[in-house]
Each structure stands twice: as structure tokens, then as C-alpha cells.
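A quick write-up on the structure given underneath.
Residue numbers (my numbering): -15 to 349.
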């Protein structure tokens, strides 16, 4: 019998392009080649799909971020066929075969936000991770918070700044933020990840600068009241069969590189952060965090995997921060490390996610 064919897709048209490649490099190294036929596919910054070139670079080298090498054969995924087609201008397209599962190691807009999930649904291809709705809501921090509040998860105060609000009456926005949230505040693009475009503001002047920085990534911006507390995270994994999702042991993230908060450099450059698993927490707090993480996963109707981030305050409160439906996925990223500390190695995690996708039907479920 032929081996299941797994297409590992990476890159994309957004500022998290390089983060995607770093995760894909780890997946391609860890996936069992004796068990699966693996096809590495890159999506360039201009949207072109290509078969990964032999010399494709996946890691940061000498401070330079990786990007998709577009010298490989151009590819297409025709709707409804579930097969990959290679083509060159002026030549007859060549079908490379049916894809059994796509592993989209992708983050940010036009990727993690339900976009590629919708494309794969139209193509009739099974894939790793959450579906269109969960991916879209999970990517938009404003709607994510609305859903989580409705599910009874504790969230901090926040303000949504839409494009028209900022262009037409920024003074009103600044005044509302000061009156409703106080200082300091965190300012984030509503639909971006990897801490791209995030700033901390201490007054109206720095808030205006922070909103402009966030708007470089997304015209929709979130302003959040700062929470004093420890950053604690849980990974959640769907189970094979009919068992409910399960949460990893909680881990605590600390910035070690001198940054004021957990920014892009702290996440992806060496020696900038530390992760302690299990986090030094009272037993009942750790169990409550795990239960909340699963509740967030189910509230969003996630599939496959997620990472759920919380704050644990000095007065003993747990505050929900956000959920990532496709978290950073290098072997050294937080979610895989949480599972490693919970008894599941990185290759086992990759295999489990592929098996979950193989076991579910394409389309509505």
C-alpha cells in the first residue's frame, strides 16, 4: 500500500513569513519519512506556490530571516480535486498526485486566519489544525475576546480602535483609552501574531505612536489595560477517538533579553526567553489553568492543537490573554516544549497531528 502523502505548507503573504519557515523546517526534520510521503510547499510573499527548492533555508542565519526560495516548480491546488499540479508557462501541467493531508505550518493573515483553511476546504483536502471559523475568530483578538467572555473566561479591559475611528477622531480614541483603561496599556494589531507591531504606552503621546505602529500591520487595533502578573501558558491537543481534548502541564515564560515584554526577538532569537515547565504554581491553580485552556479550546471549536496564554496575578487571579490556533511550531517553541514536558516528544506530536487530520473527513464535521 502507498504511504499517505503529507504536504507541509509554509511561508505566506504576511509579516510572519519567516516564523512559518522556521516551524516548517522543524516539522520536515521530525516527520516520519518511512510512514509518510512528504511534499514541502512554499508560498512566496507574492502568493506564488512553489515546490520547495533543494537549497531552501529554514533557519535564521547570521541574523537574516529565511524566506521562500521561488526557484522551485510552480504549483497549484485545483478546487475539488485534492491533487497538486505543477506547471510552467507554455507547458502542459503535470499532476503530482493526490494529497492526503496538508500540514499548514503558517501564521498570521492569509494563513492562520481561516484563509488557507477555506482554500483547502474548497479543494476537498484534509488538513492539520482548526477549521475556518475557529481560525478566523482566533486570529481576530477583538472577536476572540468576545467569544471567551461569553464562555465565562476572565478577560482584562480593552478598547477596539477601528480604522475610521482613528482617521476621523483620534483625540476621542486617546481620551477613551485613558479614561477606560488607565496607564500603562498594550497596543496590538488585532489580526497579527508573533508579537508583531506590539507596543507598551504610558501616556497619550506614546499611545498615539503605538497605534500608528500597530496600524502598519493591521488597520484594526486593540488597546488593552496592562496586567501585572506572570505569563503562564498551556498547550491543548485534540485526542484520537472520542476522548475530550487535553491540556499540557502549564509553563511560565520569562523574558531574559532585557525587553520590556515578550516581543518578536524574545520569542525567536536565541537566549532571549526562558520557559519553566511545570510552572511553580499551587496545584489547584495549575489544574484551573488546564481546565480554562480546554474550555477556551472548546469555546472556539478548535481542532488539532492550540496554545492558550494567561496571566497569573500577585493576588491569585487568572486572566485569559489569548489563544493561538497554530502556535509557533519549531521544536523549541513553547507549545512543543510544553508537550515534551508532558510526555510527548516533538516527532510524536507531529505524528499525532497528522493522524488526527487523516482520521477526520474533509468538509463540514
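Beta carbons: idealized from backbone N, C-alpha and C, even for Gly. The structure displayed is predicted, hence computed values, not measured ones.
- Relative to the Cα of residue 236, the nearest Cα in the group 278, 184, 291 belongs to 291.
- For residue 282, the three-state secondary structure derived from DSSP is helix.
- A check of alpha carbon separations from residue 199 across 111, 306, 144 identifies 144 as the nearest.
- Your pair residue 139 and residue 303 checks out as a contact, with CB atoms roughly 7 Å apart and the cut at 8 Å.
- Nearest to residue 133 by C-alpha distance, out of 179, 261, 336, 283, is 283.
- The beta carbon of residue 54 is closer than 7 Å to those of 28, 32, 34 in its chain, skipping five residues each way along the sequence.
- For residue 331, the uninterrupted alpha helix (DSSP H) segment begins and ends at 330 to 342.
- For residue 293, the enclosing beta strand (DSSP E) has its first and last residue at 289 to 296.
- Put simply, of 115, 148, 46, 137 the residue whose alpha carbon is nearest the alpha carbon of residue 279 is 137.
- The residues 161, 185, 191, 207, 208, 209, 210, in chain order, have a CB closer than 7 Å to that of residue 169 in the same chain once the five nearest residues on each side in sequence are set aside.
- Annotation: residue 100 is outside any beta strand (DSSP E); the continuous alpha helix (DSSP H) that includes it extends over 99 to 107.
- Your pair residue 6 and residue 314 checks out as a contact, with CB atoms roughly 5 Å apart and the cut at 8 Å.
- Residue 325 and residue 262 do touch by the CB rule: their CB atoms are close to 7 Å apart, below 8 Å.
- Residues 113, 114, 115, 118, 222, 340, 344 of the same chain have their beta carbon placed closer than 8 Å to that of residue 287, with the five preceding and five following residues left out of the count.
- For residue 128, the enclosing alpha helix (DSSP H) covers residues 125 to 134.
- Judged by DSSP secondary structure, residue 209 falls within the beta strand (DSSP E) whose first and last residues are 205 to 209.
- Residue pairing by DSSP puts residue 59 in a beta bridge opposite 70.
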